[in-house]
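Visitor:
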Amino acid sequence: MEPVTLTTGRLRLRAVGPEDTEAVFEAAQDAEIQRWTTIPSPYLPEHARGFTHEMVPDGWALGSMFTFGIFLAGGELAGMLSLTMHAPGTAEIGFWATQEHRGHGYVTEAALTACRWIFTDRGVDRVEWRAEVGNHASRAVAERAGFTLEGTLRSAIGNKGVRRDCWVGSLLPSDLGLPSTAPYLPSPGR
50 MEPVTLTTGR LRLRAVGPED TEAVFEAAQD AEIQRWTTIP SPYLPEHARG FTHEMVPDGW
110 ALGSMFTFGI FLAGGELAGM LSLTMHAPGT AEIGFWATQE HRGHGYVTEA ALTACRWIFT
170 DRGVDRVEWR AEVGNHASRA VAERAGFTLE GTLRSAIGNK GVRRDCWVGS LLPSDLGLPS
230 TAPYLPSPGR
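And the structure:
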């Protein structure tokens, strides 16, 4: 699959490539990104090269992971967002914001845009969000984007050699007023 570009009034979401390696490397030096995500720590130039030259293009080509750089109108990198395919019809979202662009709603806007795209263009019926317990910034983004918090999973995330508990939530097409590709029968009382 060829990468797609999505736009909003403030943002351009596009696949990162070799021209973005330095910006990705610089952003990933942030201690908060290294703490809460599964990127390598320390994050070296070869990690950024592998990400922009191989991981992102391969994910798009295989249809297994759709990674978007979140860019401002002027071209500055504000964050990163990936939708990784799991079971048929299910994707998992992951994201981070650059230190200087946190708190402006960019990642929430990008998450909503990317989820609308994957629901309508890729036939996904469920997007899952997971974050290590304590990552309140990620949880706030997920909640603002309309994800329903479903609970806490024990030992469900491996991060830098340590198993950690995580929060899990989901977003369904119906949460955004979109149709599903398959019927959904919620449990009684839902």
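In this text, residue positions in the sequence shown follow this note's numbering: the first is 50, and each later residue adds one.
In this text, a Cβ means the ideal position worked out from N, Cα and C, and glycines have one as well.
Since the model is a prediction, treat every value here as computed from it, not as a measurement.
Please confirm if the stretch 227-236 is in contact with the stretch 180-200, defined as three or more CB-CB distances below 8 Å between the two stretches.
Guide: Judged by Cβ distances under 8 Å, the stretch 227-236 makes no contact with the stretch 180-200, as fewer than three pairs qualify.
Visitor: For residue 166 versus residue 55, is the C-beta spacing smaller than 7 Å?
Guide: Yes.
Visitor: Exposed or buried, residue 233, counting other C-beta atoms within 10 Å across all chains shown (16 or more means buried)?
Guide: Classification for residue 233: exposed.
Visitor: Which full runs of the beta strand (DSSP E) of 3+ residues lie inside the stretch 73-158, going along the chain?
Guide: Counting whole runs of 3 or more residues, the stretch 73-158 contains the beta strand (DSSP E) stretches 114-121, 126-134 and 139-146.
Visitor: Are the CB atoms of residue 163 and residue 132 nearer to each other than 7 Å?
Guide: Contact flag set, yes.
Visitor: Which word fits residue 214, buried or exposed, when buried means at least 16 other C-beta atoms lie within 10 angstroms of its C-beta?
Guide: The residue is exposed, with fewer than 16 neighbouring Cβ atoms inside 10 Å.
Visitor: Which residues mark the beginning and the end of the beta strand (DSSP E) in which residue 27 is found?
Guide: Residue coverage of the chain in this structure runs from 50 to 239, which leaves residue 27 outside it and unanswerable.
Visitor: On the premise that residue 140 lies in contact with residue 176, defined as a C-beta separation below 8 Å, what is that separation, rounded to the nearest angstrom?
Guide: Confirmed, Cβ separation roughly 5 Å.
Visitor: Would a C-beta distance cut-off of 7 Å place residue 217 and residue 171 closer than the cut-off?
Guide: It is not a contact, given that the beta carbons lie outside the stated cut-off.
Visitor: Can you tell me where the beta strand (DSSP E) with residue 205 in it begins and where it stops?
Guide: 197-208 is the extent of the beta strand (DSSP E) around residue 205.
Visitor: Kindly give me the distance between the Cβ atoms of residue 145 and residue 129, rounded to whole angstroms, as I take these residues to be in contact under 8 Å.
Guide: The Cβ separation is near 6 Å, so the contact holds.
Visitor: Going by DSSP, name the residue or residues bridged to residue 176.
Guide: Paired residues: 140 and 220.
Visitor: What does the alpha-carbon distance come out to for the pair residue 212 and residue 203?
Guide: Their backbone Cα atoms lie some 9 Å apart in a straight line.
Visitor: Can you list, in chain order, the residues of its chain with a C-beta nearer than 7 Å to that of residue 101? Leave out the 5 residues immediately preceding and following it.
Guide: 65, 66, 67, 69, 70 and 73, listed in sequence order.
Visitor: Between the alpha carbons of residue 50 and residue 104, how many angstroms are there, rounded?
Guide: Distance between the alpha carbons of residue 50 and residue 104: 14 Å.
Visitor: To the nearest angstrom, how far is the alpha carbon of residue 87 from that of residue 238?
Guide: When rounded, the distance between both Cα atoms is 37 Å.
Visitor: What residues match up with residue 181 in a beta bridge as DSSP calls it?
Guide: Answer by DSSP bridge pairing, in chain order: 215.
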